[in-house]
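Engineer: Handing you a structure now.
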Amino acid sequence: MPRLLGYHLRRAQVAVFKHFAASVGAEENITPGLFGMLVMIAENPGLSQSRLAEAMEVDRSTIVTAIDQLEARDLAVRGRSPTDRRSYCLALTDNGRRALRRMREAVLRHEEEFAAHLSPSEREELIRLVVKLYAGRDRP
167 MPRLLGYHLR
177 RAQVAVFKHF
187 AASVGAEENI
197 TPGLFGMLVM
207 IAENPGLSQS
217 RLAEAMEVDR
227 STIVTAIDQL
237 EARDLAVRGR
247 SPTDRRSYCL
257 ALTDNGRRAL
267 RRMREAVLRH
277 EEEFAAHLSP
287 SEREELIRLV
297 VKLYAGRDRP
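Start counting the sequence shown at 167; every next residue gets the next number (this note's numbering).
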């Protein structure tokens with residue numbers, strides 16, 4: 167399988183997630199998916215659950231379960247949309263904003279440790295190529 171791109175991408179993802187779990191996850195009790203959701207909510211005030219599901223490319227039931235977890239930990243809150251009463255808007259709590267600041271620092275340490283064997287230019291090139299790979303595909 168040395169020439170199968172998907173195989174190598176999957177191996178890299180597993181390695182990154184394992185390192186994340188051992189570092190950030192152990193320190194902050196967070197998964198990569200929940201961390202990504204916190205970042206999306208922080209950077210998009212009033213984001214709806216359905217838009218978050220689209221952005222994270224997961225189904226709505228997965229988002230509901232994840233938001234339930236974030237609410238239970240007082241990291242995020244959902245409220246009715248002022249423009250569409252059928253929809254919920256998401257926001258970070260004060261505790262969520264503080265936690266996200268800590269988590270961002272932990273994630274930066276994790277990424278530096280994980281990619282320490284890459285030069286800065288190799289790291290930038292890898293990011294550029296991976297973004298090019300997923301940004302260039304048609305959505306199903």
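Note that the Cβ used here is the ideal one computed from N, Cα and C, for glycine as well.
Since we're looking at a predicted model, the values are computed, not measured.
In angstroms, rounded to a whole number, what distance separates the CA positions of residue 276 and residue 181?
Structural biologist: Counted from its first residue, the sequence shown places residue 276 at position 110. Counted from its first residue, the sequence shown places residue 181 at position 15. Approximately 12 angstroms between the Cα atoms of the pair.
Engineer: What residue range is occupied by the uninterrupted alpha helix (DSSP H) comprising residue 273?
Structural biologist: Within the sequence shown, numbered from 1, the residue matching residue 273 stands at position 107. Note, residue 273: alpha helix (DSSP H), 260 to 280.
Engineer: Taking C-beta to C-beta, are residue 200 and residue 256 nearer than 8 angstroms?
Structural biologist: In the sequence shown, counting from the first residue as 1, residue 200 sits at position 34. In the sequence shown, counting from the first residue as 1, residue 256 sits at position 90. No.
Engineer: Measure the beta-carbon distance from residue 208 to residue 266 and round it to whole angstroms, keeping in mind my assumption that it falls under 8 angstroms.
Structural biologist: Translated into positions along the sequence shown, residue 208 becomes position 42. Translated into positions along the sequence shown, residue 266 becomes position 100. Confirmed, Cβ separation roughly 6 angstroms.
Engineer: For the alpha helix (DSSP H) holding residue 205, just list the boundary residues, first then last.
Structural biologist: Indexing the sequence shown from 1 puts residue 205 at position 39. 198 to 209 is the extent of the alpha helix (DSSP H) around residue 205.
Engineer: Hey, residue 194 and residue 268: beta-carbon distance below 8 angstroms or not?
Structural biologist: Looking up residue 194 in the sequence shown gives position 28. Looking up residue 268 in the sequence shown gives position 102. In contact: residue 194 and residue 268 (Cβ atoms closer than 8 angstroms).
Engineer: Identify, in the order they occur along the chain, each residue of the same chain with its Cβ nearer than 7 angstroms to the Cβ of residue 261, setting aside the five sequence neighbours on each side.
Structural biologist: Residue numbering aside, residue 261 sits at position 95 when the sequence shown is read from its first letter. Hits under 7 angstroms: 240, 241.
Engineer: Where does residue 227 sit, in a helix, a strand or coil, going by DSSP?
Structural biologist: Sequence index remark: in the sequence shown, residue 227 carries index 61 (1-based). Residue state, collapsed to three classes: helix.
Engineer: Go ahead and label residue 196 buried or exposed: buried means 16 or more other beta carbons lie within 10 angstroms of its beta carbon, across all protein chains shown.
Structural biologist: The residue labelled residue 196 in the question sits at position 30 within the sequence shown. Per the 10 Å Cβ criterion, buried.
Engineer: Are the beta-carbon atoms of residue 214 and residue 279 separated by less than 8 angstroms?
Structural biologist: Locating residue 214 in the sequence shown gives position 48, counting from the first residue. Locating residue 279 in the sequence shown gives position 113, counting from the first residue. Against a cut-off of 8 angstroms, the Cβ pair of residue 279 and residue 214 comes out as no contact.
Engineer: Residue range of the alpha helix (DSSP H) that residue 177 falls in?
Structural biologist: Taking the first residue of the sequence shown as position 1, residue 177 is located at position 11. Start and end: 171 to 186.
Engineer: Could you please give me the residues that DSSP links to residue 256 through a beta bridge?
Structural biologist: As a first step, residue 256 is located in the sequence shown; it is residue number 90 there, counting from the start. Paired residue(s): 244.
Engineer: Under the three-state reduction of DSSP, which class applies to residue 214: helix, strand or coil?
Structural biologist: Numbered from its first residue, the sequence shown carries residue 214 at position 48. If DSSP states are grouped into helix, strand and coil, residue 214 belongs with the strands.
Engineer: Quick one: what's got a C-beta closer than 8 angstroms to residue 272's C-beta in the same chain, skipping five residues either side?
Structural biologist: Start at 1 with the first residue of the sequence shown, and residue 272 comes out as number 106. So the list reads 189, 190, 193, 194, once near-sequence residues are dropped.
Engineer: Which same chain residues, not among the five before or five after residue 198, have their C-beta less than 7 angstroms away from its C-beta?
Structural biologist: Here residue 198 is taken as the residue at index 32 of the sequence shown, counted from 1. Here the set comprises 183, 186.
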